[in-house]
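First the structure, in the form of structure tokens, and then the observations on it.
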Amino acid sequence: MVRPGVGAMARPDFEAIIQMISKVTPATAKDFPIDAIASIVAESSRSYEVFLSFRGEDTRTSFTSHLYASLQNNGINVFKDNDLLQRGDHISKSLLLAIERSQISVIIFSKNYVL
Numbered sequence: 001m002v003r004p005g006v007g008a009m010a011r012p013d014f015e016a017i018i019q020m021i022s023k024v025t026p027a028t029a030k031d032f033p034i035d036a037i038a039s040i041v042a043e044s045s046r047s048y049e050v051f052l053s054f055r056g057e058d059t060r061t062s063f064t065s066h067l068y069a070s071l072q073n074n075g076i077n078v079f080k081d082n083d084l085l086q087r088g089d090h091i092s093k094s095l096l097l098a099i100e101r102s103q104i105s106v107i108i109f110s111k112n113y114v115l
């Protein structure tokens, strides 16, 4: 997927992102409301197009890593936290900044997400 203006943080191609997500998961990602997602995107300067939010080893080396690789391979600038944040730990300032500087967040729930 080649998108003009990627270096200048052009608006991401949400349909392409959702298509990639639907290839990785059997969920009905194609039914996501594109207009609703696009409406929350701030046109200010952002460091990342996508912030992957997940917790735990049950997705870190499987679904999350596959999704991350697929997005990156298609030219989408993705933030994935590689530190193991334990329950009760405070979110670091650098992680909060990455969240704030991302255009969208993809939250990955799993069996152990809330444990």
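Numbering (the numbering used here), first residue to last: 1 to 115.
The beta-carbon is built from N, C-alpha and C at its ideal position, and this holds for glycine as well.
C-beta contact flag for residue i and residue j at 7 Å
i     : j      : result
ASN74 : TYR48  : no
ILE99 : PHE54  : no
PHE20 : SER102 : Correcting the residue type first, residue 20 is Met in the shown sequence and not Phe. Contact: no.
Cβ-based burial, residue i [other Cβ within 10 Å; buried from 16]
i     : result
HIS90 : exposed
LYS93 : exposed
Residue of the options minimising C-alpha distance to residue i
i      : options                    : result
ILE18  : LEU96, ILE104, LEU97       : ILE104
LEU96  : VAL106, ASP81, ILE108      : ASP81
ILE108 : ARG46, ASP13, TYR68, PHE14 : TYR68
For residue i, three-class secondary structure by DSSP
i      : result
ILE18  : helix
ILE104 : strand
PHE54  : coil
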